[in-house]
Amino acid sequence: MTMDKTRPKNIDEYIAGLPKDVQAVLEKLRETIKKAAPEAEETISYQMPAFKYHGMLAYFAAFKDHIGFYPAPTGITQFEKEISAYQSGKGTLRFPLDKPLPLDLVTKIVKFRVKENLARQSQKKKVKSSTIILFLALSFIIYLTFEL
40 MTMDKTRPKN IDEYIAGLPK DVQAVLEKLR ETIKKAAPEA EETISYQMPA
90 FKYHGMLAYF AAFKDHIGFY PAPTGITQFE KEISAYQSGK GTLRFPLDKP
140 LPLDLVTKIV KFRVKENLAR QSQKKKVKSS TIILFLALSF IIYLTFEL
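First residue of the sequence shown? That's 40 in the working numbering, and the numbers climb one at a time after it.
Okay, structure coming up:
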């Protein structure tokens, strides 16, 4: 895939550096991800377009014969049956450029990743709250020890 030699600063620049036919495919993928995760933030990470929402949701990139879609390993293992038609690896899906993108599958994977990230965020808050309560309890015990 021919890309400009400069590193893209945003997804628009990344897509603009590609052939027109590939640009159209990536714009469809981008819009599908945005619809599935409207609050997600676009970014460039590892020199690839990516979406973040309480952590990374997914990356994508253009290659000579395929589009790489990277929703993390759980985004792959959760949908093993649906992705069997595509080349895949740990956290990776390859969509051939000569076939239509499986936009429904992308939507399902992204929505799953949103839920997963929210659950992880919720768990972090619970741990943080527990730590604060423990700290306050220990502080109170120490206070009582020195006051008596």
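Every residue, glycine too, gets a C-beta built ideally from N, C-alpha and C.
Note: K91 is bridge-paired with E80 and M95 in the DSSP secondary-structure output. For the pair R152 and P110, the CB atoms are nearer than the 7 angstroms cut-off. In terms of CA proximity to Q86, G56 leads the group L142, G56, D137 and P77. Residue nearest to P77 within the set I180, E155, T184 and V149 is V149 (criterion: CA-CA distance). Residue nearest to K103 within the set D51, T184, K154 and Q62 is Q62 (criterion: CA-CA distance). Beta-bridge partners assigned by DSSP to T131: G128. In terms of Cβ geometry, R133 and H93 do not form a close pair [threshold 7 angstroms]. In the structure shown, the three-state DSSP call for Y53 is helix.
C-alpha of Q126 to C-alpha of I115: approximately 11 angstroms in a straight line. When DSSP states are grouped into helix, strand and coil, F151 belongs to the helix group.
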